[in-house]
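**Q** Chains as they are written, first to last, in numbering that gives the first Met the number 0: chain L, 0 to 529; chain S, 0 to 300; chain V, 0 to 307. Note that CB positions come from ideal geometry on N, CA and C, so glycine has one too.
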Amino acid sequence: MSFKSRTGKIFSALTLTLSLLGAPIAQADTTLRIGNQGEPASLDPHFLSGDWENRIAGDLFMGLTTEDPEGNAIPGAAESWTVSDDGLVYTFKIRDHKWSDGQPVTAQDFEYAMRRILLPETAAEYASLLYIIKNGEELNTGKAKPEDLGVHALDDKTLEITLKGPAPFLISMLTHYTAFPVPKHIVEKYGKDWTKKEHIATNGPYKLVEWLPNTHVKVTKNELFWDAANVKIDNVIFYPQEDAAALIKRMRAGEIDCIYKFPSGQIDWLRQNMPEETKIAPYLGTYYYPINTKRAPFTDKRIRQALSMAIDREIIMDKVLKTGELPAYSMVPPGTSNYKEPSYVTWKSMPMADRITKAKELMKEAGYGDDKHLKVQLRYNTDDNHKRIAIAVAQMWKKIGVETELFNSEVKVHYAELKQGNFEVARAGWVADYNDPQNFLFLLESTSKSLNYGNYDNPEYDKLMEDAYLESDLKKRAQIMGKAEAIAMEDAPIIPIYYYVSKNLVSTKIKGWKDAINDTHRTRWLSIEN
Amino acid sequence: MYSQKSKLAAMMPDAENTIEGRSLWQDARRRLFQNKAAVVSMAILAIIALMAIFAPFLSPHPLDEIYWDRIQAAPDYANAHWFGTDSSGRDLFIRVLYGARVSLMVGILATGVSLIIGVTYGAISGYFGGKVDNFMMRFVDIMYSLPFMFFVILLMVVFGRNIFLIFVALGAVEWLTMARIVRGQTLSIKRKEYVEAAHAGGVSNLKIIFRHIIPNVLGPVIVYVTLTVPQVILTESFLSFLGLGVQEPLTSWGVLISEGAKLMEMAPWMLIYPAIFLATTLFCFNFIGDGLRDALDPKDR
Amino acid sequence: MLNYFIRRVLASIPTLLIVITIAFFMMRIAPGGPWDKERSLPPEIEANIMKAYDMDKPLVEQYFIYLGKILVGDFGPSYKFRDFSVTDLLMGGFPASLQIGGMAIFLAVIFGTLFGAMAALRKNSAADYSVMTMAMTGIAIPNFVMAPVLTLIFGVYLSWLPVAGWGDGSFQYKILPVLALALPQIAYIARLTRGSMIEVLHSNYIRTARAKGLRERLVLLRHALKGAMLPVVSYLGPATAAVITGSVVIETIFDIPGIGRYFIQGALNRDYPLVMGTVIFYGVLIIVLNLIVDMLYGLLDPKVRLHD
Chain L
0 MSFKSRTGKI FSALTLTLSL LGAPIAQADT TLRIGNQGEP ASLDPHFLSG DWENRIAGDL
60 FMGLTTEDPE GNAIPGAAES WTVSDDGLVY TFKIRDHKWS DGQPVTAQDF EYAMRRILLP
120 ETAAEYASLL YIIKNGEELN TGKAKPEDLG VHALDDKTLE ITLKGPAPFL ISMLTHYTAF
180 PVPKHIVEKY GKDWTKKEHI ATNGPYKLVE WLPNTHVKVT KNELFWDAAN VKIDNVIFYP
240 QEDAAALIKR MRAGEIDCIY KFPSGQIDWL RQNMPEETKI APYLGTYYYP INTKRAPFTD
300 KRIRQALSMA IDREIIMDKV LKTGELPAYS MVPPGTSNYK EPSYVTWKSM PMADRITKAK
360 ELMKEAGYGD DKHLKVQLRY NTDDNHKRIA IAVAQMWKKI GVETELFNSE VKVHYAELKQ
420 GNFEVARAGW VADYNDPQNF LFLLESTSKS LNYGNYDNPE YDKLMEDAYL ESDLKKRAQI
480 MGKAEAIAME DAPIIPIYYY VSKNLVSTKI KGWKDAINDT HRTRWLSIEN
Chain S
0 MYSQKSKLAA MMPDAENTIE GRSLWQDARR RLFQNKAAVV SMAILAIIAL MAIFAPFLSP
60 HPLDEIYWDR IQAAPDYANA HWFGTDSSGR DLFIRVLYGA RVSLMVGILA TGVSLIIGVT
120 YGAISGYFGG KVDNFMMRFV DIMYSLPFMF FVILLMVVFG RNIFLIFVAL GAVEWLTMAR
180 IVRGQTLSIK RKEYVEAAHA GGVSNLKIIF RHIIPNVLGP VIVYVTLTVP QVILTESFLS
240 FLGLGVQEPL TSWGVLISEG AKLMEMAPWM LIYPAIFLAT TLFCFNFIGD GLRDALDPKD
300 R
Chain V
0 MLNYFIRRVL ASIPTLLIVI TIAFFMMRIA PGGPWDKERS LPPEIEANIM KAYDMDKPLV
60 EQYFIYLGKI LVGDFGPSYK FRDFSVTDLL MGGFPASLQI GGMAIFLAVI FGTLFGAMAA
120 LRKNSAADYS VMTMAMTGIA IPNFVMAPVL TLIFGVYLSW LPVAGWGDGS FQYKILPVLA
180 LALPQIAYIA RLTRGSMIEV LHSNYIRTAR AKGLRERLVL LRHALKGAML PVVSYLGPAT
240 AAVITGSVVI ETIFDIPGIG RYFIQGALNR DYPLVMGTVI FYGVLIIVLN LIVDMLYGLL
300 DPKVRLHD
């Protein structure tokens with residue numbers, strides 16, 4: 000039965016009778032039911048943009064590399080690879096395996112997929128991730144032909160990828176869905192309908208059973224997957240429900256087995272009532288407030304520094320969020336690969352009282368004080384946590400004589416205004432696509448038009464980042480980027496608030512779950528024990 | 000008789016008519032104040048309104064003070080958090096009172112706007128009928144179909160963020176059903192003998208509408224008004240979600256209730272207290288509405 | 000009557016055209032676009048997407064392209080759900096919303112008029128007060144409170160019913176959402192029925208009917224209720240349109256695959272074709288239902304003439 004009846008007498012008898020017709024027969028199969036919190040935009044890996052889509056796509060498809068239970072890159076569709084000495088040419092040996100329709104997965108499928116996602120006509124949102132490939136950006140902007148792209152199938156099982164510059168993060172980046180293969184023979188035959196359940200073929204551990212919009216996406220074990228012998232869960236159902244509070248109730252009623260991203264407002268209750276299910280782990284992301292460096296008086300570095308200094312991050316972590324986030328004093332979260340310790344703000348270990356004094360001094364130097372209050376408009380997109388943090392920050396800024404006007408808007412308006420530079424201080428967040436400091440620091444390059452919200456523009460910073468792109472020595476590269484980050488932290492174009500954590504609820508029945516820095520938990524590593 | 004007042008009014012010259020009207024109003028007021036439920040309701044509403052106005056004097060806590068050691072704390076008399084604190088650690092009692100300011104204003108003003116537009120529009124449309132009615136009702140259909148969200152977003156773009164805009168936006172949408180109801184009643188009433196008599200007696204259309212039609216549709220109008228009040232108060236919280244309603248640290252009952260609803264098991268007080276205030280207010284409006292209806296009913300005398 | 004009907008159907012064409020035109024420009028002028036989000040797109044990528052959706056053309060030209068497409072029944076692809084067309088989404092989701100909403104409206108009309116009439120007949124009695132207190136409570140509790148409370152009690156604490164989900168579409172999944180949707184509507188209709196019933200009970204023709212010696216019950220049924228239904232029917236036109244197109248709150252809390260969410264989420268996502276699809280869908284429903292309501296007036300009160 001799909002629901003249990005403990006106490007209900009008349010009611011359950013009634014519903015039981017009524018549901019007999021449609022009730023599924025109990026199966027020996029194991030099914031993982033995921034509260035996925037979002038309807039996928041597509042099942043085509045080239046049209047995805049969210050982590051809820053990644054969860055589905057990553058069960059269906061497998062890139063050259065894939066994630067282990069802890070989210071580290073390991074060989075996937077490629078069983079091995081070699082790298083040229085200059086770090087520019089990667090040669091992958093494709094594993095001998097098949098699409099779920101029995102056709103072999105070839106190097107041509109990868110070549111086809113990477114050209115396809117970069118074609119301007121495809122209009123793929125996430126294509127820019129592959130700009131690191133030679134001629135990737137040129138192809139995407141119509142300046143190069145597909146054949147020019149630095150991805151070539153040398154034979155059916157050998158794929159060569161040539162990069163624009165050394166990219167030590169390539170192997171980790173190739174786990175991303177933008178680098179997933181698509182079955183060339185099916186996409187060419189069915190066009191945009193290729194993801195329909197009657198056409199689609201996958202090379203991952205699961206294959207599609209059905210997708211009913213706003214009901215569920217159901218996948219079942221792909222017996223042709225190369226490691227099918229070790230896949231323990233037979234079916235996965237992804238529920239798109241977005242209401243996290245309702246999802247928690249469903250989990251309590253035994254209707255679903257795991258929820259990604261629970262709301263932190265519930266944390267006290269969860270810690271008390273579902274402590275074993277509550278999984279919190281560091282996550283590669285930074286929550287920050289960009290400051291509009293082009294709008295007076297925020298053009299003044301001292302004001303920006305003062306605003307950042309005056310925020311007591313520890314209190315926000317302990318009292319507002321309470322979900323184990325770490326207070327942030329840098330752009331790059333600690334623990335990022337290919338990096339050293341992040342370059343923190345210089346006043347990181349200064350006691351709070353001293354920071355307030357210092358911030359007040361800075362404000363005074365900038366011409367503000369008790370007689371002349373600085374007025375700041377703080378924008379955030381509507382969300383309980385953003386609101387509570389903004390309220391707390393407003394209270395903290397009051398201590399250095401800053402009057403804060405809070406301004407919320409729905410997410411589309413919020414980011415539209417940010418992009419146009421129509422703000423003073425605003426809320427933003429960044430979660431890494433791949434585990435590398437460059438994926439955070441590029442946000443502050445003056446050339447990063449759409450994501451450098453505050454229009455931070457420091458030639459010295461840009462120059463260092465440019466150098467870092469050309470540097471193939473990992474240690475030196477880390478040093479250069481560290482220097483760049485230190486400059487940015489001193490200039491304070493952003494106020495780092497905290498480093499994200501992943502917050503998941505996982506039933507105790509599920510085994511094999513491990514904390515992962517990128518919050519990617521592929522079903523093939525999990526099992527269910529009753 | 001069905002409507003002595005209307006008939007009389009139709010025959011009377013203007014001067015006498017106003018005298019007659021005044022005494023009618025006095026009569027209505029007298030009867031309204033005889034209705035105990037209505038009087039008690041008015042008293043309670045007045046108390047809530049006074050509490051909202053004098054909120055700062057009723058609690059030792061300011062609206063936006065954060066108590067870091069009392070976040071989402073249950074009601075606690077020692078610290079004078081009679082309603083507990085919210086999830087930012089602010090006193091809920093004072094927030095509910097400040098919320099009353101916004102919600103009562105929205106409730107009364109937006110409903111008032113929708114009442115005036117809806118009743119006038121519906122009565123005119125129904126009374127003139129034919130082409131006029133057809134045209135006016137198609138306009139209502141159009142207004143129903145337009146996406147409300149973009150409507151308010153554009154209002155904000157044009158006029159800037161302004162709390163009075165909320166009332167206009169809400170009133171401008173809520174009048175539609177009111178107009179449909181009034182127009183439906185008017186279609187039926189205008190065929191009644193007293194209206195036709197007035198018409199034959201040469202009374203101007205406008206006068207007929209305001210003297211004969213509208214007083215006789217007040218029953219359903221008053222009921223629908225009391226239904227509109229909660230609707231606009233709760234819709235305001237959606238506007239706040241869009242960023243077009245009240246901004247922190249100000250708040251409203253709608254916002255408080257939707258915050259509380261998310262934490263109903265963890266912090267029930269965050270839901271219960273604002274909900275009690277909202278429910279009480281609605282009950283009061285309801286009883287006052289019923290009292291008004293009875294008092295104004297031309298047939299009950 | 001038939002003449003009037005035909006005239007109204009013809010009038011719906013310009014009405015819809017005006018709705019489409021205003022909605023199209025309103026939506027496009029409003030700040031925020033479909034690809035403004037947490038991760039802003041690089042300008043070159045956004046340019047590719049704009050081009051793929053004809054959004055790089057002048058707005059007026061886009062409007063005429065859109066009009067041309069809907070004339071041949073093509074409501075476009077959803078921007079947000081790229082694997083589906085707007086028609087797929089609306090037609091796929093409408094049955095679920097219609098089922099839940101239809102049942103809710105049905106219950107609301109039956110119980111609403113019943114309770115309302117009962118309360119009116121026994122005005123100011125204990126029965127009246129208790130019915131009206133319940134009704135007011137139903138109105139005062141918004142559905143975003145009612146729905147979680149219902150799921151908590153019947154789904155989590157008692158485990159009688161599923162908390163949410165559609166499952167195989169069987170009855171057990173529909174009970175709570177229908178209830179949550181119907182309760183406030185029952186309350187609304189009960190209030191309206193009571194109000195107008197009291198009015199009608201005082202009026203001339205009921206007194207005449209009583210005087211004629213017909214049995215009171217018959218009088219009430221035939222005349223009073225019929226007369227009292229007028230405002231209820233007026234209310235039901237737009238209310239039915241709203242309820243059968245689903246409620247975003249109910250659908251997200253109960254995870255129902257209906258179209259209610261598209262009305263709000265389509266707008267929040269700035270999924271332009273989907274917004275237009277919902278606007279047209281709703282517009283047609285409003286026009287049809289208000290036409291039915293106008294026809295019903297004639298049945299309820301023979302004196303009502305719409306065409307003169």
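Looking at the secondary structure, which residues open and close the beta strand (DSSP E) in which arginine 378 (chain L) lies?
**A** Run containing arginine 378 (chain L): 373-380, per the beta strand (DSSP E) assignment.
**Q** Leaving aside the five residues before and after glutamate 250 (chain V) along the sequence, list all residues of the same chain whose C-beta is less than 6 Å from its C-beta, in chain order.
**A** Excluding residues within five positions, the ones whose Cβ falls inside 6 Å are Gly257, Gly259 and Arg260.
**Q** Kindly give me the distance between the Cβ atoms of glycine 245 (chain V) and leucine 182 (chain V), rounded to whole angstroms, as I take these residues to be in contact under 8 Å.
**A** About 16 Å separates the two Cβ atoms, so there is no contact after all.
**Q** With a cut-off of 9 Å, does the C-beta of glycine 400 (chain L) fall near any C-beta of chain S?
**A** No, glycine 400 (chain L) does not count as interfacial toward chain S.
**Q** Using the three-state DSSP reduction, which class does asparagine 384 (chain L) fall into: helix, strand or coil?
**A** In this structure, asparagine 384 (chain L) counts as helix in the three-state DSSP scheme.
**Q** Please state whether the Cβ-Cβ distance between glutamate 66 (chain L) and threonine 174 (chain L) is less than 9 Å.
**A** Yes, the Cβ-Cβ distance between glutamate 66 (chain L) and threonine 174 (chain L) is below 9 Å.
**Q** Do phenylalanine 60 (chain L) and serine 79 (chain L) come within 9 Å of each other at the CB atom, strictly closer than that value?
**A** Not closer than 9 Å, so no.
**Q** Beta strand (DSSP E) containing proline 289 (chain L): first to last residue?
**A** Its beta strand (DSSP E) spans residues 277-289.
**Q** Could you have a look at glutamate 209 (chain L) and say whether DSSP puts it in helix, strand or coil?
**A** Strand at glutamate 209 (chain L).
**Q** Against chain L, with Cβ distances strictly below 9 Å, would arginine 89 (chain S) count as a contact?
**A** With 9 Å as the cut-off, arginine 89 (chain S) counts as an interface residue toward chain L.
**Q** Beta-carbon separation of lysine 359 (chain L) and methionine 349 (chain L) under 9 Å?
**A** Not in contact: lysine 359 (chain L) and methionine 349 (chain L) (Cβ atoms no closer than 9 Å).
**Q** Find the nearest neighbour of proline 237 (chain V) within the set S:Met155, S:Val105 and S:Thr176, judged by alpha-carbon distance.
**A** Here the closest residue by C-alpha is S:Thr176.
**Q** Let me know if glutamate 404 (chain L) comes out buried or exposed under the rule of 16 or more other beta-carbons within 10 Å of its beta-carbon.
**A** By the neighbour-count rule (16 or more Cβ atoms within 10 Å), glutamate 404 (chain L) is not buried but exposed.
**Q** With three or more C-beta pairs closer than 8 Å as the rule, is the region 217-236 of chain V touching the region 185-200 of chain V?
**A** The answer is yes - the region 217-236 of chain V touches the region 185-200 of chain V, with three or more Cβ pairs under 8 Å.
**Q** Tell me which residues share the same chain as valine 194 (chain S) and place their Cβ nearer than 6 Å to its Cβ, disregarding the 5 neighbours each side in the sequence.
**A** If we look at valine 194 (chain S) and ignore the five residues flanking it on each side, its Cβ neighbours are His211.
**Q** Let's test the definition: count the other Cβ atoms within 10 Å of the Cβ of isoleucine 19 (chain V) and tell me whether it reaches 16, buried, or not, exposed.
**A** Label assigned to isoleucine 19 (chain V): buried.
**Q** From the beta carbon of asparagine 268 (chain V), is the nearest beta carbon of chain L less than 9 Å away?
**A** Judged by the 9 Å Cβ criterion, asparagine 268 (chain V) is in contact with chain L.
**Q** Residues of chain L with CB under 9 Å from phenylalanine 240 (chain S), in chain order?
**A** In chain order: Thr381, Asn407 and Glu409.
**Q** Using a 10 Å radius around the Cβ and a threshold of 16 neighbouring Cβ atoms, would you call phenylalanine 53 (chain S) buried or exposed?
**A** The residue is exposed, with fewer than 16 neighbouring Cβ atoms inside 10 Å.
**Q** For valine 412 (chain L), go through chain S and note every residue whose CB falls closer than 9 Å to its CB, in chain order.
**A** Neighbours of valine 412 (chain L) on chain S, chain order: Ile152, Leu241 and Gly242.
**Q** Which of the three DSSP states, helix, strand or coil, is assigned to aspartate 85 (chain S)?
**A** In the structure shown, aspartate 85 (chain S) sits in coil (DSSP, three-state: anything other than H, G, I, E or B).
**Q** Quick one: using the 10 Å Cβ neighbour count with 16 as the cut-off for buried, is tyrosine 76 (chain S) buried or exposed?
**A** It is exposed - the Cβ of tyrosine 76 (chain S) has fewer than 16 other Cβ atoms within 10 Å.
**Q** Can you list, in chain order, the residues of its chain whose CB lies under 6 Å from that of threonine 239 (chain V), leaving out five sequence neighbours each side?
**A** If we look at threonine 239 (chain V) and ignore the five residues flanking it on each side, its Cβ neighbours are Ile104 and Leu288.
**Q** If you run the structure through DSSP and keep just helix, strand and coil, what is alanine 295 (chain L)?
**A** In this structure, alanine 295 (chain L) counts as coil in the three-state DSSP scheme.
**Q** First and last residue of the beta strand (DSSP E) that includes proline 13 (chain V)?
**A** Where proline 13 (chain V) is concerned, there is no enclosing beta strand (DSSP E), although the alpha helix (DSSP H) it sits in stretches over 1-28.
**Q** Our contact map puts arginine 100 (chain S) next to alanine 51 (chain S) with C-beta atoms below 8 Å; I'd like the distance itself, whole angstroms only.
**A** That pair is a contact at about 5 Å.
**Q** How big is the Cα-Cα spacing for arginine 315 (chain S) and serine 113 (chain S)?
**A** This structure cannot settle anything about residue 315 (chain S), because the visible part of chain S is limited to 0 through 300.
**Q** Is DSSP giving valine 410 (chain L) helix, strand or coil here?
**A** If DSSP states are grouped into helix, strand and coil, valine 410 (chain L) belongs with the helices.
**Q** I need the boundaries of the alpha helix (DSSP H) containing glycine 34 (chain L), first residue and last residue.
**A** Note, glycine 34 (chain L): premise wrong, no alpha helix (DSSP H); beta strand (DSSP E) at 30-34.
**Q** Among the residues of its own chain, which have a CB less than 6 Å from the CB of serine 471 (chain L), if the five just before and after it don't count?
**A** Closer than 6 Å at the Cβ level, and outside the excluded window around serine 471 (chain L), lie Gly86 and Pro165.
**Q** Within the same chain, show all residues whose beta-carbon is closer than 6 Å to that of valine 254 (chain S), passing over the 5 residues directly before and after it, in chain order.
**A** Excluding positions up to five away in sequence, the list reads Ser236 and Ser239.
**Q** Report yes or no: is there a C-beta of chain L within less than 9 Å of the C-beta of proline 248 (chain S)?
**A** Yes, proline 248 (chain S) counts as interfacial toward chain L.
**Q** Express the C-alpha separation of serine 11 (chain V) and glycine 128 (chain S) in angstroms, rounding to a whole number.
**A** About 18 Å.
**Q** Relative to the C-alpha of methionine 316 (chain L), which residue among L:Ser307, L:Leu306, L:Glu275 and L:Ala327 is closest?
**A** It is L:Ala327 whose Cα lies nearest to the Cα of methionine 316 (chain L).
**Q** Please state whether DSSP places tryptophan 51 (chain L) in a helix, a strand or coil.
**A** Of the three classes helix, strand and coil, the one that applies to tryptophan 51 (chain L) here is helix, per DSSP.
**Q** Kindly list the residues whose CB is nearer than 8 Å to the CB of proline 103 (chain L), restricted to its own chain and excluding five residues on each side of it in sequence; keep chain order.
**A** Result list for proline 103 (chain L): Asp95, His96, Lys97 and Asp155, in chain order.
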